[in-house]
Each structure stands twice: as C-alpha cells, then as structure tokens.
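Structure record follows, encoded as structure tokens.
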C-alpha cells in the first residue's frame with residue numbers, strides 16, 4: 001500500500017489545483033471559525049443575556065463541537081477536490097493506463113480511498129489545532145479533554161463527505177454531474193427527505209440515517225440541538241451508521257470498477 | 001512459447017458483436033499485425049487482453065499463463081490514445097508509469113532520447129502536439145526494455161519523418177528478438193514490418209497466420225510484347241504457371257507462391273518466337289488482397 005500511496009502522491013505533488021484547493025479549504029476552516037468566534041464575542045458583549053441561549057460555544061469543552069459544526073459547512077470543498085481527482089483520471093483515461101501498466105482494478109480504487117482517509121486525518125488535525133486556538137483565545141476558558149470525542153466525529157464526517165463525493169464521481173464519471181448531484185443532494189434534497197420521513201411520515205429517527213445527515217446529526221449545532229434534531233439517536237448509533245455507509249461506498253465503488261468496462 | 005493465446009473471445013455491446021468468437025496465437029519473436037477497417041474490433045481486442053474491457057465470453061492467456069497484472073507489467077502497451085496526466089510534464093508522467101510497472105525508472109532519459117522528446121521533457125503534457133503525445137506514449141512502452149510490446153495505431157498523428165522513425169524503431173525492436181503486437185488500418189504499415197497477421201472484419205477473425213502466406217498467396221509476373229495476341233497464345237502452354245490473364249494492355253501470369261522465375265519465362269518466350277518488352281515480378285498488392293478478404 002505504501003508503494004501505491006507513493007504513486008498517488010506523484011499524481012498530486014505537482015498538481016497546482018490540488019494544492020490551491022487544499023490551502024483555500026484550510027484557510028476557510030480558520031476563517032469560518034474566526035467569524036463565528038468574533039460574532040459570538042460581539043453578541044455577548046452587546047447582549048449579555050444571549051449567553052443563556054448560546055452558552056459559550058468557543059470555550060472548552062464546547063469548542064470541539066463548535067469548530068466541528070462550523071467547519072462541516074466547508075466539507076463540500078474536499079468533496080469537490082476528490083471528485084476532481086477521480087474524474088481527472090476518467091477524462092485523461094489514466095485510470096485505464098494505470099491498469100494497463102500493471103495495477104489491478106482493486107488497487108486503483110483502494111489507494112484512492114486510503115488517500116482520502118489520510119486527507120481526512122490531516123483535515124481533522126487542522127480542525128483540532130483551530131479548536132485549540134479559539135479555546136485558548138476565549139477568556140475564562142481553560143483546556144479540557146472533555147468533549148474530545150467530537151474530534152473523532154469530525155474525522156468520520158470529513159471522511160464520509162469525501163467518500164460520498166468519490167462514490168458519485170465513480171458512478172457518474174463526469175465532474176459536472178457528480179458535483180451537481182453532490183450539492184443538490186447535500187444542501188437541499190437530503191434535508192427535504194429527512195423532514196418528509198421524520199415529520200411528515202412520522203418515521204423518526206429513520207430520516208436521520210441518510211448518508212450525509214447521519215454524520216451531520218452526530219456533530220450538531222452547538223445550541224438548540226433538541227429542537228433541530230428532535231429525538232435523534234445517540235452518537236454511537238450514528239457512528240455505527242456512518243461506518244456502514246463508509247463500507248458501502250468502498251464496496252460498491254469497488255464492485256462497479258472491477259466488474260465493468262473501463 | 002506463445003506470448004498471447006486468444007480462445008473463442010467474444011464481446012458484445014447489446015446487439016452489436018464487437019468481437020465474435022475470435023481465436024489466434026501470437027508466437028514469440030513475431031511482429032504480429034492485427035489488421036482491419038475502422039470499427040472491426042482491433043482496439044476492443046487489445047483492450048480486452050489488457051483487462052480494460054471485460055469479455056462477454058471466451059478467454060486469453062499471456063505467456064501461457066492466466067492473465068494478471070504481473071504480466072501486464074512485462075508488456076509495454078499503447079492503447080488507442082496516449083493517456084497521461086495533462087498537468088504533469090512528460091518526464092513526471094513517465095515516472096508514474098515506471099513506478100506502476102515497478103521497473104524502468106533508470107530508463108526514463110534514454111527512452112525520451114529514443115523518441116526525440118528530451119528537449120521538451122519538462123513541458124506539461126497538455127502543451128504537447130498530437131505527434132509528441134504519441135511519442136511520449138511510445139517512450140512509456142519502452143520503459144524497462146520489455147520483451148513484448150503492444151501498439152495500437154502507433155503512427156497516429158505522426159509526421160512522415162516520425163512514421164519512418166517508428167517503423168525503424170519497430171524493426172530494430174523486432175531485430176532484438178522482441179515480440180510486437182500491432183493493430184493498424186494502414187496496410188503498408190503492416191506490410192512493411194509484420195511477420196504475422198490477423199485480419200478482422202466486423203468483429204470476426206477472417207484469417208490469421210504468416211504474413212506472406214496470407215497477404216500474397218501467389219506470385220504474379222507481368223509481361224508485355226509488341227504482338228500481345230501471339231504472346232497470349234504462347235503463354236497458354238507455359239509450364240509451372242497456374243493461369244494467365246489479360247487485363248487491359250498487360251498480361252499477367254500467376255505461379256504458386258515462390259516458384260516464379262523470370263529467366264525461365266524470358267527464355268521460354270524467346271524460344272517460342274516472342275520478344276518481351278516488359279517483364280516484372282509482382283506480388284499481389286496487399287491492398288487488393290485486403291479488399292478481397294474483407295469484402296466477401
């Protein structure tokens with residue numbers, strides 16, 4: 001696997017778009033959390049009573065969850081990035097050439113998932129540092145390990161969004177189609193389906209187990225969770241649900257890629 | 001040992017039979033041409049043996065073994081189009097290919113030299129002309145000095161000098177004892193370099209075997225004289241000839257392959273009182289033979 005990763009690294013090492021996207025993504029994580037932090041400071045300054053509702057989102061231990069939730073809005077970035085990495089291969093027909101030159105079809109898919117795994121780890125580490133930073137910046141907050149399980153949730157959510165995007169890329173093979181479906185589904189239709197299932201058909205909590213939703217519920221908005229995600233299942237059930245999806249993306253991507261013409 | 005054995009290979013796209021029950025063998029050391037018009041199944045054939053396409057039925061062997069990625073690493077393959085990362089330089093692209101093949105990294109500068117791309121090795125692939133892309137693909141095939149090469153339309157997009165260079169390269173490789181499998185619709189390309197040939201038409205294998213046996217199954221001698229009537233008469237009794245025909249102004253004599261002897265023809269005519277003003281040995285043109293094979 002290390003050798004496969006080395007080759008994957010050669011593919012992105014000199015790919016400018018990959019690095020620009022990645023750096024923008026990391027800056028955006030910092031930026032969106034700074035915005036949240038700043039707005040929160042302003043609000044509590046001018047309206048001290050608001051703290052009763054909002055709590056102290058950027059203080060330990062809440063900061064792990066707050067940063068995770070804020071950053072989760074940016075997960076479309078790495079999603080698009082990995083859609084690009086995969087559809088590039090299809091456009092350049094290098095997915096064929098890699099096989100011709102001596103990879104197996106399974107190796108081609110597996111190394112992409114492992115690469116996404118490593119990318120998710122790096123993104124999680126960055127989120128951890130950002131949370132640390134804003135936790136210390138908040139006055140009257142002292143470091144605490146409690147709530148650290150949110151770091152695990154951040155990782156699972158990041159990996160789930162990326163692999164979902166990769167799955168769409170393998171399914172549609174075209175970046176335009178994959179990106180459009182990714183956005184429309186993630187930002188609109190999934191919410192619609194959740195609402196329909198949970199409230200219209202009153203089948204809650206089934207609607208919380210949709211592919212992206214299951215990770216969103218795991219890392220909910222830091223205040224008012226009980227209103228937005230009414231009767232949500234507990235975190236470990238959601239983690240389990242997410243893992244089932246992750247395995248499913250890999251399994252079906254592998255199946256499609258190994259059985260069909262390339 | 002045979003390099004490639006294809007057994008009853010079929011590939012369908014819905015109702016279209018891209019390959020229909022094709023079987024043939026590529027002997028070691030041969031230059032094997034797969035010949036056929038556009039859409040006859042040449043690329044489908046090569047794509048299948050490289051595991052890019054899944055056959056509907058049938059099987060194939062590489063080096064007398066069940067195919068695997070390990071054997072593909074020992075074969076330099078150019079399939080249909082040069083497939084490279086557009087945003088990387090030629091050299092970086094070859095590095096990736098060499099890593100996947102797990103050999104040939106030390107050859108990168110050498111193969112770039114062979115295809116005359118050294119000056120542009122640091123330019124992005126996307127800036128290459130069609131001919132340069134093709135050259136890079138051929139360079140990639142040569143990495144690790146493989147004993148078997150598969151070329152699908154190798155002279156696509158090349159200028160006349162490039163075409164001549166690639167032909168020389170193939171002759172050179174063949175001279176080193178390498179096996180070359182080449183798909184082409186360009187007949188003179190096949191005629192100039194191939195030792196063996198398989199002819200495909202609409203997915204079916206029409207014939208395969210030694211190029212001399214398939215592409216010219218008889219020798220043809222063209223003759224002419226002032227009195228062509230008399231010449232025609234005299235030739236009717238020419239020993240060894242299988243038949244004589246008159247087309248337009250020229251008379252053609254056919255012999256079993258390898259038996260035509262111009263001196264014999266000349267002296268026979270002279271002793272029978274006809275003086276030839278035209279005498280030439282012609283093998284049947286490949287083009288004529290090809291149309292003959294693919295049209296009926």
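Residue numbers (my numbering), protein chains in the order written: chain D, 1 to 262; chain R, 1 to 296. C-beta: ideal position from N, C-alpha, C; glycine also. Since this is a predicted model, take the numbers as computed values, not measurements.
Does DSSP put residue i in a helix, in a strand, or in coil?
| i | result |
| --- | --- |
| residue 19(R) | strand |
| residue 247(R) | strand |
| residue 201(R) | strand |
| residue 232(D) | coil |
| residue 60(R) | strand |
| residue 50(R) | coil |
| residue 196(R) | strand |
| residue 275(R) | coil |
| residue 217(D) | helix |
| residue 126(R) | helix |
| residue 281(R) | strand |
| residue 121(D) | helix |
| residue 76(R) | strand |
| residue 241(D) | helix |
| residue 134(D) | helix |
| residue 208(R) | strand |
| residue 21(D) | helix |
| residue 100(D) | helix |
| residue 65(R) | strand |
| residue 253(R) | strand |
| residue 42(D) | helix |
Let's see if you can read the secondary structure: which residues bound the beta strand (DSSP E) around residue i?
| i | result |
| --- | --- |
| residue 152(R) | 148-152 |
| residue 179(R) | 179-184 |
| residue 194(D) | Taken as a continuous stretch (DSSP letters only), residue 194(D) belongs to no beta strand (DSSP E), being part of the alpha helix (DSSP H) at 190-195. |
| residue 2(R) | 2-13 |
| residue 139(D) | No beta strand (DSSP E) contains residue 139(D), which DSSP labels as neither H nor E. |
| residue 222(R) | 218-225 |
Taking a contact to mean a Cβ-Cβ separation below 8 Å, would you say residue i touches residue j in this structure?
| i | j | result |
| --- | --- | --- |
| residue 111(R) | residue 142(R) | yes |
| residue 219(D) | residue 154(D) | yes |
| residue 186(R) | residue 180(R) | no |
| residue 260(R) | residue 221(R) | yes |
| residue 23(R) | residue 205(R) | yes |
| residue 49(R) | residue 4(R) | yes |
| residue 231(R) | residue 274(R) | yes |
| residue 79(R) | residue 100(D) | yes |
| residue 107(R) | residue 156(R) | no |
| residue 135(D) | residue 63(D) | yes |
| residue 103(D) | residue 16(R) | no |
| residue 56(D) | residue 141(D) | yes |
| residue 90(R) | residue 131(R) | no |
| residue 181(D) | residue 192(D) | no |
Residue i CB to nearest chain R CB: under 8 Å?
| i | result |
| --- | --- |
| residue 52(D) | no |
| residue 252(D) | no |
| residue 256(D) | no |
| residue 96(D) | yes |
| residue 100(D) | yes |
| residue 112(D) | no |
| residue 104(D) | yes |
| residue 21(D) | no |
| residue 25(D) | no |
Could you please give the first and the last residue of the uninterrupted alpha helix (DSSP H) stretch that includes residue i?
| i | result |
| --- | --- |
| residue 142(R) | 130-142 |
| residue 150(D) | 149-172 |
| residue 172(R) | 160-175 |
| residue 323(R) | Because residue 323(R) is not part of the residues shown, which for chain R are 1 to 296, the question remains open. |
| residue 179(D) | 175-184 |
| residue 101(R) | 90-101 |
| residue 192(R) | 187-193 |
| residue 70(R) | 69-72 |
| residue 113(R) | 108-114 |
| residue 144(D) | No alpha helix (DSSP H) contains residue 144(D), which DSSP labels as neither H nor E. |
| residue 202(D) | No alpha helix (DSSP H) holds residue 202(D); DSSP gives it neither H nor E. |
| residue 2(D) | 2-13 |
| residue 230(R) | 228-235 |
Should residue i be flagged as near chain D, meaning a C-beta pair shorter than 8 Å?
| i | result |
| --- | --- |
| residue 49(R) | no |
| residue 63(R) | no |
| residue 85(R) | yes |
| residue 102(R) | yes |
| residue 142(R) | no |
| residue 69(R) | yes |
| residue 95(R) | yes |
| residue 130(R) | no |
May I have a chain-ordered list of the alpha helix (DSSP H) segments no shorter than 4 residues that lie completely inside the stretch 45-94 of chain D? 50-54, 63-72 and 76-92
If we require 3 or more residues per run, which beta strand (DSSP E) segments fall completely within the stretch 21-46 of chain R? 31-35
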